[in-house]
Each structure stands twice: as structure tokens, then as C-alpha cells.
Ligand SMILES: Nc1ncnc2c1ncn2[C@@H]1O[C@H](COP(=O)(O)OP(=O)(O)OP(=O)(O)O)[C@@H](O)[C@H]1O
Ligand SMILES: Nc1ncnc2c1ncn2[C@@H]1O[C@H](COP(=O)(O)OP(=O)(O)OP(=O)(O)O)[C@@H](O)[C@H]1O
Ligand SMILES: [Mg+2]
Ligand SMILES: [Mg+2]
């Protein structure tokens, strides 16, 4: 065991503290600062001195107060009992704090150490084991069978496995012999800034179904993919992320509220127990982990919260699950980097951000992936990060660097948001590199016709875009009837497909089959209308027919094949 | 006072900052009292401390200070406000010292003006509708108790009038304890007088606390004023059970004071000279609102800020809107057309509206109506700008209805007298009236059910 380094404070500047007499302290080591024992992390070492970023407010801290190294880097506790919890940015549970405020120097175990879990072994002693291998499981929630794995850095002969029964997380449930005896409990610790190891990366071919039409149908994300949602204030980033957390077909969801509003976390806490997972029908609370570093909490912990979140997501991936990590907002994380960098008086690059901003963003999104785990299972971590560009300017550093590293992005458009077109995803400038790899899935699982409909729909929307420039200058009256009809088709796609209310019971989640139905209805209506146009009906007449409104409103009413067939019949007879 | 010592060595003075020798005896963000030769006392707070020196910001400014001849005393504590419900009915300066000629109120507690970090887990989701009596707000930008909803304005616009109308009309629910906390941040004296008079005339002054940092007062003090005010507001809301409405005006002056100090400290600026921590700093103010599980009161914030050069992308309005739960944006164009309150509804938003309205709260048709008004008004704006280019002849017959709709929306639904208090039924019925200008085939957001239940009632009433 490394000896604990003890020194003292010589300077306090915001949340950055300089300590002297700390020779032997390591970069990124956790420390306790001051009489209150505030938590911090070493961010620079210079001779016998070190700079510590403190994760809590430093008011009242004085030169001369003690600084103590804890001997290990910032790590998370990985054990049954994580799911369903809400943590702060350092994995301290927020639910068992007395009173309504968080006091400084607060310490608490990440999981309930007194709870007994029913452990079932899946392996017998006498075998050789390696890191990542499953030795047994407990039922963490109705949705999560939590596998207990050999820690990644351990291997050898398994000499003991506990028999099925009730155990606490810190009880020894296995022993591995490899020169020395290693006792294994249900708890693992893992340093958050180090990605957990895997066997190999694979190409993602399955979509992460989110039930959000513009995403699944037009700009999809694969399981194990990475995506960003840049958008100015109020354009709908948080609502979209909440929708993903609620409906995505991932097995585990890690939601990181990074420097955003406290009430948004409360909203999750309020709705998650009541919403049911579309696959299992169980409350999604049973698959969710929440991390809250709200904007009034200290900035440095904001930087850590992202890493805590991704490490938890990786841990469940290692069990063979599909994890989804949502981060709202990565811009606040980048700003935390900037603030700490500023206090360390590093030379700034663009807009005050440190020069390592781009590489930090890159290595964060690199932690997404569809992989073969150490135990030979298949699992994934998908990452979706919100980006909040100042002034809604997509050319600022955090947005531009992020767009370089993610493989899909949904750009939120303030003009769509102002006109209450939600989700305000711009269909001209958004992008996904997963369209091609996922198209087989749609044709096998939904309809062979899907890809054609998708192209037709996008084609109408692109044509509309160029016609709108003419209309803006000359008015729609100058257009020939067939082009006027195309504008109506585009309007139907916007109103009846692209718009999706997060608050309407039916509209908020559309399964893939229904996404296909809605496209089919609108595009068939358009085909029928084109024929009627040839027969002398005017666009004005088509537009004011009740069926036009009914097809647009289908997103509120069509839940399955039955409603689709009934409406399709009317459209065919139109 | 514990740990207080007198020391007199000032090293240098720059702007409102002072570097003093401390021998390590001063803690971060602790107070110092500076005594001038003539006996005048000023307050300062440390921004950076080390073993021998500290950088201190002087709230009342450094005019007339010289390194020689001042005594610096360490108070051994951060800036605090002494709270109790004796604060009600009183007027204080921007640092929380009485300026109404009456003695210091007796406090029950001394609270750090930075407040406590509210545990998000202990927050109660705000979902109780506040009827302000202003149609465009109640109908389309509904406020709930515990929300933070700023007014974005410009010079010459009636933001004070609107805030005062909300303060007057939102506080008349019977049987409930309400209070108003008003913080003037670098505004002219007549603005402060206006609010005082409005509160007095509505009988609310005895339930109000005023903190005044006026335009002529020191800029550095502005960093403190909103925090002092919110400390009082939090105490009244969460300890005394009041439903508190906090009006903070003008937050742009606050942001500028923050920039001034940052520049003096030679920090690396981010955008337009504002410090990189502007977002975080504003958040520590605006997040101090809400409701708490198990506590009776609530703290609703109505900050006012003027958008420099009417630019909503300016860092102060921009970052504010990234923190608050929506924004009410005022429009010069509408005001010049004679419309009060001149709200640019498309740029405005109330994020907490969805859970505060509907059946059992306001009316079952509220959400659909509001969605439809947004949808139709936005289409109408497109038609209006097209009509300006191509003339009314160039637009299809069916679109002309939209022009009529937009006019009626602005002059009938939005426009009202500053002293007119409309209940929510009146507001929603008015919404049906203006919507009825458009043919039903345009009502993409309205369900058959709402039509049946509400439209017929409105139509009957109109006959
Ligand atoms: N899909 C949707 N359905 C209905 N309303 C929506 C939808 N998306 C967004 N909204 C509306 O837009 C508002 C703002 O959305 P949201 O809070 O997600 O914005 P944001 O981009 O996260 O903003 P900020 O960066 O300030 O946090 C919501 O409160 C809601 O009223
Ligand atoms: N969110 C969910 N809720 C409930 N059951 C789910 C959920 N997601 C997947 N399942 C089901 O649980 C089972 C196992 O899930 P798992 O994620 O291990 O499947 P998989 O990833 O397809 O398998 P493999 O790891 O072999 O690739 C599957 O039958 C799957 O349909
Ligand atoms: Mg948001
Ligand atoms: Mg799997």
C-alpha cells in the first residue's frame, strides 16, 4: 500500500487549491482538502507542490489547512444496487442526504452495503478464469440480471465460489489463486478516466430504436453508436434526451445531467417510475441510473460526472447489455474544463478553451461502441450528447469539435422551435452515417418497401426546400398545380410525420412498424392526389378535404395495423 | 467576533481590487472591513488567498483609498444576511443594510448569501398554475409556482409595467401567504420608486422586502445584491412558508459588473469580454428558485434584463435563457403598434407550462388551444411577411384568413389594459374567438372532443 501523502494549502483561487509538501502525490490522485475534508483531484504536480481541483465550494478555506492524498485516482463503485439510483457527479447518492441541501465534505457509499442479494453462481471452482468472466449473478431489478464478473485485471485459478444464497456486496463470493490469493466480492472499483477493457470492437448493425420518427426513420443511431444534439437554448435538447431515456430499446440507461437544471432531474425522478419500458412493460426506473450535477453545484464535479456516467455504462455493457449514455449538456463539461484550465493559467486556444479540448471530446465519444466483451458476450455503449452553443452559433469550438467525432448529429433549428415544430431537428442539415448499415434491418424487420418510402419522403422535403425560395420571393400563386401539390405533400410530412409531441400519449412513441404506416399513408395520399389533379381536382380542394386533415392527424390515432388498414382503405378510395 | 484581527498593510490597489498582506489568516471569500483614516468603513471580500497575500474586492469601490493610512480587519466569516420575518416591509441597500431610517431588524439566523446547494432529489416539481390575469401569459406562457421566468426587454419597453402587473395580480389568491422580494440592480432611482409605489397601492408593501442598488451605487456591490435578496427570499419561502415572487432588475447590470471584476483580475475572457464562468455564476442565482419537498412555500423568480442592442444572442440573455425555465421576450414592433403587453410569443417560452395546465388545473382544452395558437400565429407570420413582398393579391385566398387571424390575435387576445385582470376562462374563450377566424380544416392541433365541449359553448355565448 502506498503511504498517504499529507501536505498543506498555500493558495486558494476559486475551486483550485495549491498544496505544498506533497511530494509523492500522483497526477489525478484523489485528495481531501481542508478541515472539512472537501473532495478534490490532483490536476498538476510541480516538484513538491500540487494543484488540486476541489469538487466542492471552497468558501472559508485557508492557507495552512491540511491536504491529504487518498492514494487512488477518482474511481466508481461497481456493484449491485446502482440501478434506480440518483447520484451526484462523484457517485454520492443524493437520496439519503438529510435535509434539503448538500453539505460540504459529504461522504456516502454508492450502494447499500447492508442489503442482502440472492447470489446464484454460474461457474464451478477449479477452472481457470480471466478478467471479465462471469461467476454468478443477482437480480438487481426485474429488468437487470446483474452479473458478478472477475475484475478485468485479475486472472488465475478459481479456488472458491460461494454457494447460492444471500450475500452483502462486500462479502467474499469467490477466490482466485495466482501466486497470491485474491478475494472477490460483488464490488469492483474502476478509475473513471480509463476505459474498461474489451475483447474487440465490432461493426454495429442493429438500430437503437428510439420511437422518435425523424431519428429512427431518417437519421438513425446504431446500438454502440455516438450522436450529438447541438441546439441553442429552448430548441428541445433536453426533451429529446428525455424521450430517448424513456423509450430507447437499450437495456440500461445512464442519464447525466451535467450543469443543467435541478427541476429537469426531478422531472425524470417523477416520470420514470410511471413510464413503462416498451419492450418489457416494466417501469423504466428499473433500468435507469441518474447522475445529477446541476448548474448550481460546483463546476469541477461537472467535469467528473461525464466520466462517472460513461464508466457505469461500460460496466453494464461488460455484462453483455446495450447501455445508453445520455449527457445533457457536454458544453457544460467543456466549460468546466475551460474554467479549471483558466485557474491553472494554462495558455488558452479558441475562446478560452484549452488546447486539449478536441482530444478530450474525441476520447469521450471513443468510449461508445458495439463490442465483444472480455467474457465473449456482445454488448454496446451508445452515447448521445447535447451541445449548447453560445448564441446558437454552430461554429464555436465545442460544436465543431464534437461534430468531427460523432457519427450522427441532429441539428436543432431555432426557427423550427420558434414555430413550435418539435422535435426541431433540421432535416436538411442533420446527418447519420448509420443509414446504410441499418437499412437491412428495416427491410428484414419492418418492410422491404421502407427504404424506398424513406427516399421518397426525403426527396419531397428537399424539393420543397428549393421551391420555398421561390415562394418566399414571388408567392405560391406563381407555381404550377403539381408543384403546389408537392408543397402540400411536404406539409403533410412535416405535420404528420416529422412533428412529434413528447407530451401526447400516442404520439410520443412510435414503434418502427407504425413509422412505416405513417409514411405509407402520407405518400399514398400524395400518389392519389396526383391522379386526382390530373382528373381536374384543384390543390385547394384536396387541401380542404377532411381526409387531408385525417392523414395528418394519423400520428395521434394510428397505434397499429388495425387503424392503419382502416385509414389506408379511405386513402385508396380517395 | 472570532479570529478577527486588525492589520494594516495594503500592497496595491487596482480598480476595485486591493492586494493585502494576510500572513495566511484570511480564508477564501471571507470578509474584510476596511477603515479609512477619516473613520469611514467599507466592506471587501477575498477572491484569492495565499500564505502571505490576498486579493480583495471592495464593494463600495476604492475611491479615496491609499495603501497607507487604511486599516484592514478580517471578519472571519463570509458575507451573511440576518434573516427573520421582520425583513418584511423594509428597505435595504444592495448589501442588505437598512436604508429606511429604521433600526436593523432582529434576525433569527445569519445566512451565507451564497445560499445552500439545494439537493435536486429534495426538489418538488413545480406544477401549480399561477393566474397572472394577463392573457398572453396565462394562455400561452403559463407560469407555475417555483419557476424562474425572465422578461427579456429593451429600452423604452414596458417591462416594469408588466412585472408590476404580474406582482399585483398574481398575488391575490385568498388565504395564502405571499411576499414580494424586489432587488434593484443598478437601475435608476425612479424605477425603484415605481415598484415601491405599485406595491404600496396594491397593499403588498407590508409583505415586501426591497434591496436597492441604484445606478449611482457602486458596481461591485451589484455582485452581491441579487444574492442578498435571494437569501431573504429563500428564508421567507422555505422557512416561513410564503409564496415568494422575486423580481430582479436589471440582470444585465449584474453581468456587466461581473465582467468588470473579471477584467481587473486579468482573466481570460470568453465571448465579448465576459468571463468563461458567466453561465455558472448566473446559474448560482437563477437556480435559487423552486419548491422543496415537505416545505410549504415556493420561490418564483421574475428577473428582468435588457438585451444590449436588442440582441438575444448577447451572452447575458443567451446564457440566462440556457438556465431559466423559459423567457418572455418583449417586442418593439408590437409596442409601436400600440399593443400592451407587447410579447413576441414565438420567441417566448414557458418550459414548465405543460404540467401546470389542463384538466383539474386550468381547463382540458388549454394545451391544445395554446399549441394551435402558436402553430397558426407562426403560419400567419409567414403569410404576413409574404404579403409584404408580393402584396395581398399574390397570396392564395385561403391564406388571407391568416392575416385577419394575426391582427385579431394581437389586438384582441394579446392586448389588454395594464390594470385589466382576466381570469383563465375569459382568456381561453378569447382564444377560441380568434381561432374561429380560421376554417376548422386548419385546426391541426384541436381534437374533436375539445371542439364538442368548448367551441359550442363559446359560439353560443357569442350569439
Ligand atoms: N418533442 C417535443 N414535444 C413538445 N414540446 C417540445 C418538444 N421538444 C421541445 N419542446 C418544447 O420546447 C421546450 C424547450 O425544450 P428543452 O428544454 O428540451 O430545450 P433545450 O434545448 O434543452 O434548452 P436548454 O439548452 O436551455 O436546456 C420544452 O419545454 C417544450 O415546451
Ligand atoms: N429494455 C429491455 N427490457 C426487457 N428486455 C429486453 C430489453 N432489451 C432487450 N431485452 C431482451 O432481453 C434478452 C437479452 O438481452 P440482451 O441485451 O442480452 O440481448 P442481445 O444483445 O440481443 O444478446 P447478445 O448479447 O447475445 O447479443 C433479449 O431477449 C432481449 O429481447
Ligand atoms: Mg436543456
Ligand atoms: Mg447483448
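Protein chains in written order, with my numbering: chain A, 16 to 589; chain B, 1199 to 1661.
Positions of the beta carbon are idealized from the N, C-alpha and C atoms, including for glycine.
Listed in chain order, the beta strand (DSSP E) runs fully inside the segment 1264 to 1309 of chain B are 1269 to 1272, 1278 to 1281, 1289 to 1291, counting runs of at least 3 residues. Taking the Cα positions, residue 289 of chain A is about 28 Å away from residue 311 of chain A. Under the three-state reduction of DSSP, residue 1427 of chain B is assigned to helix. Taking all protein chains shown into account, residue 1430 of chain B has 16 or more neighbouring C-beta atoms within 10 Å of its C-beta and is therefore buried. The Cβ of residue 1321 of chain B sits closer than 8 Å to at least one Cβ of chain A.
Taking the C-beta atoms as reference points, residue 440 of chain A is found no nearer than 8 Å to residue 346 of chain A. Residue contact check for residue 489 of chain A against chain B: a CB pair falls below 8 Å. Counting every other CB atom within 10 Å of its CB across the protein chains shown gives residue 1587 of chain B a total below 16, marking it as exposed.
Counting C-beta pairs closer than 8 Å gives three or more between the segment 232 to 240 of chain A and the segment 418 to 430 of chain A, which meets the contact rule. Contact between residue 1653 of chain B and residue 1607 of chain B is absent: CB atoms are separated by about 17 Å, not below the 8 Å threshold. Counting along the chain, no beta strand (DSSP E) covers residue 328 of chain A; the unbroken alpha helix (DSSP H) around it starts and ends at 314 to 333. Inclusion of residue 1612 of chain B and residue 1510 of chain B in the CB contact set at 8 Å is not warranted, their separation being larger than that value. Taking 8 Å as the cut-off, the beta carbon of residue 1417 of chain B is found closer than this to the beta carbon of residue 1455 of chain B. Burial check for residue 257 of chain A: the Cβ neighbour count within 10 Å reaches 16 or more, so the residue is buried. Counting other Cβ atoms within 10 Å of its Cβ, residue 19 of chain A stays below 16 and is therefore classed as exposed. Contact annotation: the segment 359 to 367 of chain A touches the segment 1460 to 1478 of chain B, with at least three C-beta pairs closer than 8 Å.
Within chain A, 72, 74 have C-beta atoms less than 8 Å from the C-beta of residue 1312 of chain B, given in sequence order. A Cβ of chain B is located within less than 8 Å of the beta carbon of residue 109 of chain A.
Rounded to whole angstroms, the separation of the alpha carbons of residue 1302 of chain B and residue 1242 of chain B is 21 Å. Counting other Cβ atoms within 10 Å of its Cβ, residue 1482 of chain B reaches 16 or more and is therefore classed as buried. Along the segment 550 to 582 of chain A, the beta strand (DSSP E) does not occur as any fully enclosed run of 3 or more residues. Going by beta carbons, residue 126 of chain A and residue 94 of chain A fall inside the 8 Å limit.
Here the alpha carbons of residue 1265 of chain B and residue 117 of chain A stand approximately 40 Å from one another. Taking CB atoms only, residue 459 of chain A has no neighbour in chain B less than 8 Å away. Neighbourhood of residue 518 of chain A in chain B, by CB distance below 7 Å: 1552, in chain order. By DSSP's assignment, residue 370 of chain A forms no beta bridge with any residue.
In the same chain as residue 1582 of chain B, and ignoring 5 residues on each side of it, the C-beta atoms closer than 7 Å to its own belong to 1601, 1604, in chain order. At a cut-off of 7 Å, the beta-carbon of residue 251 of chain A counts as near ligand 1: some heavy atom of the ligand is closer than that. Counting C-beta pairs closer than 8 Å gives three or more between the segment 76 to 93 of chain A and the segment 21 to 36 of chain A, which meets the contact rule. Residue range 465 to 489 is occupied by the alpha helix (DSSP H) that includes residue 477 of chain A. If you draw a 10 Å sphere on the C-beta of residue 1236 of chain B, you find fewer than 16 other C-beta atoms in it, and that means exposed. DSSP lists A/172 as the bridge partner or partners of residue 143 of chain A.
Look at the segment 300 to 332 of chain A: the residues with a C-beta under 7 Å from a C-beta of chain B are 307, 309, 310, 311, 312, 314. Within the chosen limit of 7 Å, ligand 3 does not reach the beta carbon of residue 428 of chain A with any heavy atom. Among the residues facing chain B, residue 357 of chain A is included, as its CB has a counterpart in that chain under 8 Å away.
For residue 1376 of chain B, the enclosing beta strand (DSSP E) covers residues 1376 to 1385.
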